[in-house]
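Numbering (this note's numbering), first residue to last: 216 to 296. Below is one structure; the comments refer to it alone.
In structure tokens, the structure reads:
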């Protein structure tokens, strides 16, 4: 059985590197994974956060994109608990 919540630290990544990292996590997520928590930070702007929303809001494996527990995180919900 896999991890129900996968956390990825995207600090310091450029757009393309972050997309590759997120896509790999989505590919490797099994049925026990229901969320991917993306830690992108907020002190240096919101470019990664904006990219996540644009790239993954209509992704076939993503049920919805929602804010995380602070301004520096975004959550990809893959399925309901």
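Quick reminder that beta carbons are idealized off the backbone N, C-alpha and C, glycines included. None of these values were measured; they are calculated from a predicted model.
Would you list the residues sitting across from residue 254 in a DSSP beta bridge? Walking along the chain shown from the start, residue 254 turns up at place 39. Paired residues: 224 and 288.
Just tell me which of 271, 218 and 273 has its CA closest to the CA of residue 244. Here residue 244 refers to the residue found at position 29 when the chain shown is read from its first residue. If we check each option's Cα against that of residue 244, 218 comes out closest.
Element boundaries [alpha helix (DSSP H), containing residue 230]: Sequence index remark: in the chain shown, residue 230 carries index 15 (1-based). Its alpha helix (DSSP H) spans residues 230 to 243.
I'd like the span of the alpha helix (DSSP H) that includes residue 276, first residue to last. Taking the chain shown and counting its residues from 1, one reaches residue 276 at position 61. Residue 276 -> no alpha helix (DSSP H), and no H or E assigned at all.
How would you call residue 264, buried or exposed, if buried means at least 16 neighbouring beta carbons within 10 angstroms? Taking the chain shown and counting its residues from 1, one reaches residue 264 at position 49. With 16 or more Cβ atoms within 10 Å of its Cβ, residue 264 is classed as buried.
To the nearest angstrom, report how far apart residue 274 and residue 257 are at their CA atoms. In the chain shown, residue 274 corresponds to position 59, counting from 1. In the chain shown, residue 257 corresponds to position 42, counting from 1. Near 23 Å, if we compare the C-alpha coordinates of residue 257 and residue 274.
Any idea which residues DSSP pairs residue 282 with across the strands? Counted from its first residue, the chain shown places residue 282 at position 67. DSSP lists 289 as partners of residue 282.
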